[in-house]
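Note sheet for the following structure.
Number of protein chains: 2
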Amino acid sequence: MSTAPGSVQSIDRTLSILETLSAAPLGLSLSDLAAATDLHISTAHRLVNVLAEHGYALKDPSSGKYRLTLRTFEIGSRVSSVWNLLSSAKPQLDELAAVSQEAVHLVERDGHGIVYLYKAEPFQQLVRMDSHVGLRNPMYCTGVGKSILALLPPKAVKEIWETEAHPVFSPHTIVDFSDMQKELDRIRSRGYAIDDEEHEPGVRCIAAAIRNWAGAPVAAISISAPVSRMDAQAMERLLPRLLETSVQISRMMGFSD
Amino acid sequence: MSTAPGSVQSIDRTLSILETLSAAPLGLSLSDLAAATDLHISTAHRLVNVLAEHGYALKDPSSGKYRLTLRTFEIGSRVSSVWNLLSSAKPQLDELAAVSQEAVHLVERDGHGIVYLYKAEPFQQLVRMDSHVGLRNPMYCTGVGKSILALLPPKAVKEIWETEAHPVFSPHTIVDFSDMQKELDRIRSRGYAIDDEEHEPGVRCIAAAIRNWAGAPVAAISISAPVSRMDAQAMERLLPRLLETSVQISRMMGFSD
DNA sequence: AACAAAAATATCACATTATGAAAATTTAGA
DNA sequence: TCTAAATTTTCATAATGTGATATTTTTGTT
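In order, the protein sequence lines correspond to chains A and B. Mapping to my numbering: the first sequence position 182 is 182, numbers consecutive. Mapping to my numbering: the second sequence position 55 is 1055, numbers consecutive.
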């Protein structure tokens, strides 16, 4: 582990510990943590205890394992954009879920990916979908992601495309750049995106971008359903609602036309 | 700024930067950040850039200010207890909000306080309440907090009481320890807690604890409403629902009787 | 536009600080 | 109870982070 110039070794290592712990739902023993982060056990001990002193981690008294506390949740929930979006969008999304009787997602763009900020589900309609608040996904294979890509400058799209891999999740996943460009053209002309089982087999969704005061596509919303329910008629019925909601939220973010 | 023995200066400072940024919705310039954290500007620059390299912060291109990214949200959302509780409790809480037509909260105990994990609101019922997901509150002045305190060992209650201050939020706030002990007795015998404008004037709520497999009160749920709506009859009507839901969730956490 | 002032970023010699080997202690297993 | 493993503490040492200074960039003013 060589520290990049301008970086700080102890912080690199501590963030590595933080991330390792966040991926371990059951917690980790000190030795496991040291092994997973490739640190000397003495160093791992010191660093995880610094996190503990600051309330970010603790040694679970019953299991003896280290795990993260809600301090990280607290800090993460305070990120300003989460605030802005959720406070203005939540009621609209709940209503959209209620009238469509399908799962509705709100995601925000973050760097080259999207992060799920909110999921509104209708009662009883339990669809197996592995989306959840806090999840990060790439843009190229999701409806929400593509709806955002379609409104980004071509240079940005290219940069994003070139700096990441494009795993195939299904036969429908778009992995060719010129195919993606055509798809983004379609999305621009239609005003919405369709994810036709490109990420999760069996799930189809329609998505629309949310734009801020500067017109930048900072977020997106979607309605997801099993392909059996999300057929042509369903899409025709749901699209006006989806677009209406996305426009409303965009307006609340300061976007005008 | 003297580093406590066993601690690591650069991490102390970086976490201080993280926390400062999380409290600044509009972001902070480098000099403001340095001033707020009492760091040399050169040091602040180096440390915030380490956070940026790891994707936790960024320098907003439009404003030139540093702010947190969704990386912190992503890490925070992965805390295992959030997972466990949310996945089992969410549908129940949504239903409770729907049948009661009032705001429902789920909180988890974290150290000496509670953190809001979920808020379910009925349509249209917009009550001014400054609760939100991620918020941390003390236990002594909230219904959820008191319902948890009531099931903790007396030693733990005493320890929590003695290590924190007890600001008065309203004439009803309980700030005397023996008063609190009587109140916790009442809560134990009734099986639920009432927050009668002890934290937010004008808001009354009923709360019940959620217990895990070991019987420990790890979380709590509540129904909140303006005092005008949350009168004796309303409480009589809502209590069975609240208790039923808390028992259901406790069962899903592995608690039996 | 040109200038001045302020803010942000990069450099680097140095002393402070984090490091990890080793010892001491605690916990778990036989 | 004893043994082995895991955790925690200690401490000498060198590597690492620090902050003064220099450079560059940005911002505001005439």
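Glycine is no exception: its CB is placed at the ideal position from the N, C-alpha and C atoms.
Any C-beta of chain A sitting closer than 8 Å to the C-beta of B/V1082?
Yes, contact with chain A.
Chain A contact residues for B/H1054, given Cβ-Cβ distances below 7 Å:
In chain order, L15 make up the part of chain A whose C-beta sits under 7 Å from the C-beta of B/H1054.
Inter-residue CB distance, A/I174 and A/S147 (contact presumed, cutoff 8 Å):
With a Cβ gap of about 14 Å, A/I174 and A/S147 do not count as contacting.
Taking only the alpha-carbon atoms, compute the straight-line gap between B/S1246 and B/Y1140 and give it to the nearest angstrom.
Using only the alpha carbons, I get a separation of about 20 Å.
Taking contact to mean 3 or more Cβ pairs, one atom from each stretch, closer than 8 Å, check whether the segment 1198-1208 of chain B and the segment 1156-1172 of chain B are in contact.
Taking 8 Å as the limit for Cβ pairs, the verdict is that the segment 1156-1172 of chain B does touch the segment 1198-1208 of chain B.
Run through DSSP, which three-state label would A/E19 get?
DSSP, reduced to helix, strand and coil, places A/E19 within a helical segment of the structure shown.
Nearest-angstrom beta carbon gap, B/M1235 and B/I1206 [assumed within contact, 8 Å]:
With a Cβ gap of about 6 Å, B/I1206 and B/M1235 count as contacting.
Closer than 8 Å to chain A by CB, B/D1032:
Chain A contact via Cβ: absent.
Beta strand (DSSP E) segment containing B/P1217, residue limits
1217-1226 is the extent of the beta strand (DSSP E) around B/P1217.
Among A/L152, A/V82, A/V99, A/G111, nearest to A/E164 - alpha-carbon criterion:
Among A/L152, A/V82, A/V99, A/G111, the Cα nearest to that of A/E164 belongs to A/G111.
Give the range of the beta strand (DSSP E) segment to which A/D195 is assigned.
Its beta strand (DSSP E) spans residues 193-196.
Straight-line CA distance for A/L33 to A/I17?
Between A/L33 and A/I17, the alpha-carbon positions lie close to 7 Å from each other.
Measuring CA to CA, which of B/F1255, B/E1183, B/I1194 is closest to B/N1212?
Looking at the Cα atoms, B/F1255 is the closest of the given residues.
Which residue wins for smallest C-alpha separation from B/I1221, given the options B/A1214, B/G1215, B/L1015, B/E1244?
For the options B/A1214, B/G1215, B/L1015, B/E1244, the alpha carbon positioned closest to that of B/I1221 is the one of B/E1244.
Could you give the DSSP three-state label for B/P1138: helix, strand or coil?
For B/P1138, the three-state secondary structure derived from DSSP is strand.
Along chain A, in chain order, which residues have C-beta atoms closer than 9 Å to that of B/R1251?
Under the 9 Å cutoff, chain A gives no residues; its nearest Cβ is about 19 Å from B/R1251.
Taking a cut of 9 Å between CB atoms, which residues from the segment 49-73 of chain A lie near chain B?
Within the segment 49-73 of chain A, the qualifying residues are N49, V50, L51, E53, H54, G55, Y56, L58, S62, R67, L68, T69, L70, R71, T72, F73.
Give me, in chain order, the residues of the same chain whose beta-carbon lies closer than 7 Å to that of B/R1241; leave out the 5 immediate sequence neighbours on both sides.
L1096, V1099, S1100.
How is the beta strand (DSSP E) around A/K119 delimited, first residue to last?
Residues 113-120.
What did DSSP end up calling B/R1071 once you bin it into helix, strand or coil?
Helix, per DSSP.
Just to make sure I have the definition right: I need the residues of chain A whose C-beta is within less than 7 Å of the C-beta of B/L1239. Which are they?
Those within 7 Å of B/L1239 in chain A number zero; the least Cβ separation is about 22 Å.
Based on the DSSP output, what are the partners of A/R190 in its beta bridges?
Paired residue(s): none; A/R190 is not in a bridge.
Assign B/K1065 to one of three DSSP states: helix, strand, or coil.
Of the three classes helix, strand and coil, the one that applies to B/K1065 here is coil, per DSSP.
For chain B, is any of its Cβ atoms less than 8 Å away from the one on A/V8?
Interface with chain B (8 Å Cβ-Cβ cutoff): A/V8 is included.
By the three-class DSSP mapping on this structure, what secondary structure does A/A209 have?
It is a strand residue.
Rounded to the nearest angstrom, how far is the Cβ of A/Y116 from that of A/G134, given a contact under 8 Å?
A/Y116 to A/G134, Cβ: 7 Å. Contact.
How many Å lie between B/K1090 and B/H1040 at the Cα?
Whole-angstrom Cα-Cα distance: 46 Å.
Does DSSP put B/E1159 in a helix, a strand or coil?
Helix, per DSSP.
Just the Cα atoms here: how many angstroms apart are A/H54 and B/V1144?
Whole-angstrom Cα-Cα distance: 25 Å.
Counting C-beta neighbours from all protein chains within 10 Å, is the total for B/F1123 16 or more, i.e. buried, or is it exposed?
Per the 10 Å Cβ criterion, exposed.
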